[in-house]
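Asks: Protein chains in written order, with full-length UniProt numbering: chain W, 1 to 356; chain G, 1 to 356.
In this text, a Cβ means the ideal position worked out from N, Cα and C, and glycines have one as well.
#1: Straight-line CA distance for residue 300(W) to residue 63(W)?
#2: Could you check where the beta strand (DSSP E) with residue 29(W) kicks off and where it finishes?
#3: If we count the other Cβ atoms within 10 Å of its Cβ and call it buried at 16 or more, is residue 262(G) buried or exposed?
#4: Report the residues of the stretch 74-85 of chain W with a CB closer than 7 Å to any CB of chain G, ordered along the chain.
#5: CB-CB under 7 Å to residue 59(W), same chain, minus the five flanking residues each way: which ones, in chain order?
#6: Where does residue 75(W) sit, in a helix, a strand or coil, going by DSSP?
#7: Does the pairing of the stretch 247-258 of chain G with the stretch 35-44 of chain G give three or more beta-carbon distances under 8 Å?
#8: So with Cβ pairs under 8 Å, would you call residue 347(G) a contact of chain W?
#9: What distance in whole Å lies between the Cβ atoms of residue 159(G) and residue 324(G), which are believed to be in contact at a cut-off of 8 Å?
#10: Rounding to the nearest angstrom, what Cα-Cα distance links residue 343(W) and residue 81(W) in this structure?
#11: Could you spell out where the alpha helix (DSSP H) holding residue 234(G) opens and where it closes?
#12: Below 8 Å on the Cβ atoms is my contact criterion, and I expect residue 242(W) with residue 213(W) to pass it. Report the Cβ-Cβ distance as a whole number of Å.
#13: So, for residue 92(W): in the same chain, excluding its five sequence neighbours on each side, which residues have a beta-carbon less than 6 Å away from its beta-carbon?
#14: Where DSSP assigns a beta bridge to residue 97(W), which residues make up the other side?
#15: Could you tell me whether the Cβ of residue 5(G) comes closer than 8 Å to any Cβ of chain W?
#16: Check the Cβ of residue 281(W) against every Cβ in chain G and list those closer than 7 Å, keeping chain order.
#17: Does the separation of the CB atoms of residue 247(W) and residue 180(W) fall below 8 Å?
#18: Go ahead and label residue 26(W) buried or exposed: buried means 16 or more other beta carbons lie within 10 angstroms of its beta carbon, across all protein chains shown.
#19: What does the Cβ neighbour count give for residue 240(W), buried or exposed, with the cut at 16 atoms within 10 Å?
#20: Residues of chain W with a CB under 8 Å from the CB of residue 333(G): which are they?
#21: How would you label residue 110(W), buried or exposed, when you count the other beta carbons within 10 angstroms and need 16 or more for buried?
#22: Against chain W, which members of the stretch 84-103 of chain G pass a CB distance test of less than 7 Å?
#23: Give me the DSSP bridge partner(s) of residue 244(G).
#24: Considering only residues of the same chain and omitting the five flanking positions on each side of residue 20(G), which have a CB-CB separation below 7 Å?
#25: Is the stretch 188-198 of chain W touching the stretch 133-150 of chain W, taking contact as three or more C-beta pairs under 8 Å?
#26: Straight-line CA distance for residue 94(W) to residue 295(G)?
#27: Counting only the same chain and skipping the five closest in sequence on each side, list residues whose C-beta sits under 7 Å from that of residue 297(G).
#28: In the DSSP assignment, what residue or residues form a beta bridge with residue 198(G)?
#29: Can you tell me whether residue 168(W) is buried or exposed? The criterion is at least 16 other CB atoms within 10 Å of its CB, across all chains shown.
#30: Taking a cut of 8 Å between CB atoms, which residues from the stretch 185-196 of chain G lie near chain W?
#31: If you drop the 5 nearest sequence neighbours on each side, which residues of the same chain put their C-beta closer than 8 Å to that of residue 106(W)?
#32: If you draw a straight line from the alpha carbon of residue 285(W) to that of residue 253(W), how long is it in whole angstroms?
#33: Report the option in 138(W), 204(W), 42(W), 108(W) whose CA atom is closest to the CA atom of residue 170(W).
#34: In or out: residue 75(W) buried (at least 16 other Cβ within 10 Å) or exposed?
#35: Spatial neighbours of residue 302(G) within its chain, please: CB distance less than 7 Å, with the 5 preceding and 5 following residues excluded, ordered by chain position.
#36: Does DSSP put residue 118(W) in a helix, in a strand, or in coil?
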């Protein structure tokens with residue numbers, strides 16, 4: 001049987017109110033009483049009932065985190081950083097995966113909403129903002145990460161995805177590529193903007209754009225390696241074979257890498273390849289993979305800072321948007337020219353702005 | 001402001017008790033009243049207060065999961081499978097990472113214990129069972145995964161780690177290796193038993209055992225790729241260079257692979273390599289990596305089944321131990337002989353036993 005506060009009170013001949021005040025470190029308790037209570041707390045291995053505390057404070061000390069795929073290390077890194085950052089303040093993370101399924105995400109939001117958590121953090125798989133409008137109506141604090149809904153004045157932390165697409169494509173151009181293909185992401189802000197960045201870089205370099213060099217699936221699901229291979233095989237079968245491919249993310253790029261090598265072509269000599277995400281095993285792949293670093297740890301940390309500030313504010317603060325700069329990381333898969341650029345990292349300060 | 005039960009009662013001229021009965025699908029309410037209440041529930045987008053429900057039922061509908069490293073896909077796969085399996089029953093997962101630090105794990109257990117969760121699931125980084133004895137005393141239901149404490153009569157789901165070590169080492173012997181090294185795991189049941197399996201396989205084949213061919217770190221931390229590379233460099237510097245290496249897990253094997261290739265040696269011709277874990281990017285590495293499949297998804301599913309059975313039982317069931325069979329997965333990193341063995345998979349049924 002779990003030890004209760006009244007057991008400690010009875011043992012020491014004190015009132016429950018006194019014991020409770022000691023545990024909340026209330027000032028009007030004598031030092032000696034405090035010591036007696038704390039000694040008994042240790043002896044009995046007493047655990048305060050967080051559930052009861054929650055009903056009093058109105059706080060659950062729980063933050064819900066919904067990501068599209070926990071197996072994607074990008075989201076695992078965000079979860080890890082967010083969890084570490086809020087742990088010290090007594091907050092725990094309820095984790096949920098939407099499996100890139102908008103209807104599953106809506107149900108999970110519904111279920112977590114019913115738990116009255118202190119905040120929800122969501123990398124959304126949804127194609128519209130319906131669920132978030134519902135969160136607004138229920139006055140449930142929340143924060144979006146990675147994927148944004150421009151029509152929503154919500155807290156957001158992510159990278160500048162147009163810059164990510166531009167950086168990757170400009171790098172391939174600098175390496176001498178002229179027929180640059182793109183394996184797309186889904187129909188979220190990240191997929192749409194990286195594609196926009198790709199288009200911008202081609203335009204700026206006066207390189208032709210060809211529909212036949214853009215492929216991908218509307219729905220980026222959890223089998224990205226297989227889809228990357230399929231997309232690359234499609235590109236290799238085009239009349240104009242690409243000499244460079246920018247992939248929406250690293251798992252797609254890994255699949256593309258396998259398909260290119262299995263077709264007997266060389267990377268980067270025949271086709272230069274770059275992904276996005278800079279996952280921690282990128283350097284150990286069949287050809288070490290160039291990528292765009294998406295600042296996953298920083299995304300988790302910034303999200304935590306916004307939430308903790310929100311929890312400690314008396315009035316609900318204005319929504320904040322933090323846009324981090326992506327960073328080019330060059331490895332063998334795209335390095336056709338002498339390594340002058342290797343290690344070059346974007347260093348402009350990140351943007352952080354209040355929403356209006 | 002969130003809609004409360006009493007708002008619905010007032011709007012319809014009913015008592016709160018009646019509304020509450022409708023929401024719990026209580027039989028003694030007229031069908032017409034039920035429909036009126038449910039219509040209003042939908043109109044107002046009412047969310048039941050799970051916190052209040054928890055106080056009534058004594059259930060939190062929360063399961064705590066503590067893993068050593070969320071970035072290790074093995075643990076991410078378990079988390080994903082466990083979460084999917086309990087979600088349909090209304091349970092959510094509170095996720096915590098111990099970062100392979102026993103004292104951080106003890107603090108996390110302490111914090112989650114205070115939350116009175118319905119169960120804790122732990123892949124422990126601890127070197128002794130102190131924390132779990134505390135859970136026993138507090139009558140906190142829990143289940144161990146992956147790493148076992150033989151002295152503890154606890155619920156457990158994991159693989160037969162002695163068999164895993166034996167399978168991997170026997171495979172290297174069949175491929176013609178004679179000086180087989182082992183890059184060890186930590187001082188947990190998994191590390192100790194895979195090492196024991198390695199020793200057993202050498203003995204059975206009458207191959208000599210050499211201390212100089214066993215290396216590793218007592219503490220398998222979250223920088224396994226780097227540690228695997230260091231361990232391999234140490235082995236390459238020995239007087240008798242190994243011709244095969246069995247690594248405790250795949251991240252260590254990836255590090256070893258990088259170090260071996262960077263030293264100008266060939267895999268598998270000079271050194272055959274096998275890991276353990278069968279992570280989902282193993283096939284895309286510089287040399288596709290042979291491994292032992294640890295049944296991560298099945299571990300999550302079996303753990304969920306034990307928990308759900310526990311929650312639905314009136315009396316607390318006897319602890320159950322589920323030992324799954326590991327499976328050899330052969331890829332290029334160890335394949336020196338014609339591929340007769342490729343695709344061979346162990347198929348003996350798993351063992352499941354009641355604890356005494």
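Replies: On the basis of the coordinates in this document:
#1: Translated into positions along the first chain, residue 300(W) becomes position 300. Translated into positions along the first chain, residue 63(W) becomes position 63. Answer to the nearest angstrom: the Cα atoms are 13 Å apart.
#2: Residue mapping note: residue 29(W) aligns to position 29 of the first chain, counting from 1. Unbroken run through residue 29(W): none, as it is neither H nor E.
#3: For this step, residue 262(G) is matched to residue 262 along the second chain. The residue in question, residue 262(G), is exposed, as its Cβ has fewer than 16 Cβ neighbours within 10 Å.
#4: Those would be 76, 77, 79, 80, 83, in chain order.
#5: Translated into the one-based positions of the first chain, residue 59(W) becomes position 59. So the list reads 118, once near-sequence residues are dropped.
#6: Working through the first chain from its first residue, we reach residue 75(W) at position 75. DSSP places residue 75(W) in helix when its eight states are reduced to three.
#7: Between the stretch 247-258 of chain G and the stretch 35-44 of chain G there are fewer than three C-beta pairs closer than 8 Å, too few to call the two in contact.
#8: As a position in the second chain, residue 347(G) is number 347, starting the count at 1. Low per-residue confidence applies at residue 347(G): pLDDT is 38, beneath 50, and the placement is therefore not dependable, though the value from the model is reported in the following sentence. No, residue 347(G) does not count as interfacial toward chain W.
#9: Taking the first residue of the second chain as 1, we reach residue 324(G) at position 324. Taking the first residue of the second chain as 1, we reach residue 159(G) at position 159. With 8 Å as the limit, residue 324(G) and residue 159(G) qualify as a contact, their Cβ atoms being about 5 Å apart.
#10: Counting from 1 along the first chain, the entry for residue 343(W) is found at position 343. Counting from 1 along the first chain, the entry for residue 81(W) is found at position 81. Reliability of the predicted coordinates at residue 343(W) is poor, the pLDDT of 45 falling under 50, and no value is obtained from them.
#11: Here the question's residue 234(G) lines up with position 234 in the second chain. 224-236 is the extent of the alpha helix (DSSP H) around residue 234(G).
#12: Along the first chain, read from residue 1 onward, the residue named residue 242(W) stands at position 242. Along the first chain, read from residue 1 onward, the residue named residue 213(W) stands at position 213. Sure, about 6 Å apart at Cβ, within 8 Å.
#13: Your numbering for residue 92(W) matches position 92 in the first chain. The residues 62, in chain order, have a CB closer than 6 Å to that of residue 92(W) in the same chain once the five nearest residues on each side in sequence are set aside.
#14: Here residue 97(W) refers to the residue found at position 97 of the first chain. Paired residues: 67(W).
#15: Position 5 of the second chain holds residue 5(G). Not closer than 8 Å to any Cβ of chain W, the Cβ of residue 5(G) fails to qualify, so no.
#16: For the purposes of this step, residue 281(W) is taken as the residue at position 281 of the first chain. Neighbours of residue 281(W) on chain G, chain order: 254, 281.
#17: Here residue 247(W) corresponds to residue number 247 of the first chain, with the count starting at 1. Here residue 180(W) corresponds to residue number 180 of the first chain, with the count starting at 1. The Cβ atoms of residue 247(W) and residue 180(W) do not sit closer than 8 Å to each other.
#18: As a position in the first chain, residue 26(W) is number 26, starting the count at 1. Exposed.
#19: Along the first chain, one-based indexing puts residue 240(W) at 240. That one is exposed.
#20: The count along the second chain starts at 1 and reaches residue 333(G) at position 333. Here the premise fails: no neighbours, minimum Cβ distance about 12 Å.
#21: What you label residue 110(W) is simply residue 110 of the first chain in a count that begins at 1. With fewer than 16 other Cβ atoms within 10 Å, it is exposed.
#22: Residues are counted here when their Cβ sits less than 7 Å from a Cβ of chain W; for the stretch 84-103 of chain G these are 92, 93, 94, 95, 96, 97, given in chain order.
#23: The residue labelled residue 244(G) in the question sits at position 244 within the second chain. Residue 244(G) is bridged to 180(G), 272(G).
#24: Looking up residue 20(G) in the second chain gives position 20. Cβ-Cβ distances below 7 Å link residue 20(G) to 5 in the same chain, with the five nearest sequence neighbours on each side left out; the list follows chain order.
#25: Using a C-beta cut-off of 8 Å, the stretch 188-198 of chain W makes contact with the stretch 133-150 of chain W, since at least three inter-stretch Cβ pairs fall below that distance.
#26: The residue you call residue 94(W) lines up with position 94 of the first chain. The residue you call residue 295(G) lines up with position 295 of the second chain. If I take the Cα positions, the gap works out to 24 Å.
#27: Translated into positions along the second chain, residue 297(G) becomes position 297. Within the same chain, residue 297(G) has close Cβ partners 77, 81.
#28: Locating residue 198(G) in the second chain gives position 198, where the first residue counts as 1. Looking at the DSSP assignment, residue 198(G) forms no beta bridge with any residue, so it has no partner.
#29: For the purposes of this step, residue 168(W) is taken as the residue at position 168 of the first chain. With 16 or more other Cβ atoms inside 10 Å of its own Cβ, residue 168(W) counts as buried.
#30: Going along the stretch 185-196 of chain G in chain order, one finds no residue with a Cβ nearer than 8 Å to chain W.
#31: Residue numbering aside, residue 106(W) sits at position 106 when the first chain is read from its first letter. Excluding positions up to five away in sequence, the list reads 126, 130, 131.
#32: Here residue 285(W) refers to the residue found at position 285 when the first chain is read from its first residue. Here residue 253(W) refers to the residue found at position 253 when the first chain is read from its first residue. Distance between the alpha carbons of residue 285(W) and residue 253(W) is about 11 Å.
#33: As a first step, residue 170(W) is located in the first chain; it is residue number 170 there, counting from the start. Selected option, being the one with the closest Cα: 204(W).
#34: Working through the first chain from its first residue, we reach residue 75(W) at position 75. Buried is the call here.
#35: The residue you call residue 302(G) lines up with position 302 of the second chain. Counting only residues of its own chain and dropping the five nearest sequence neighbours on each side, residue 302(G) has a CB closer than 7 Å to the CB of 157, 322.
#36: Here residue 118(W) refers to the residue found at position 118 when the first chain is read from its first residue. Note: residue 118(W) maps to coil in three-state DSSP.
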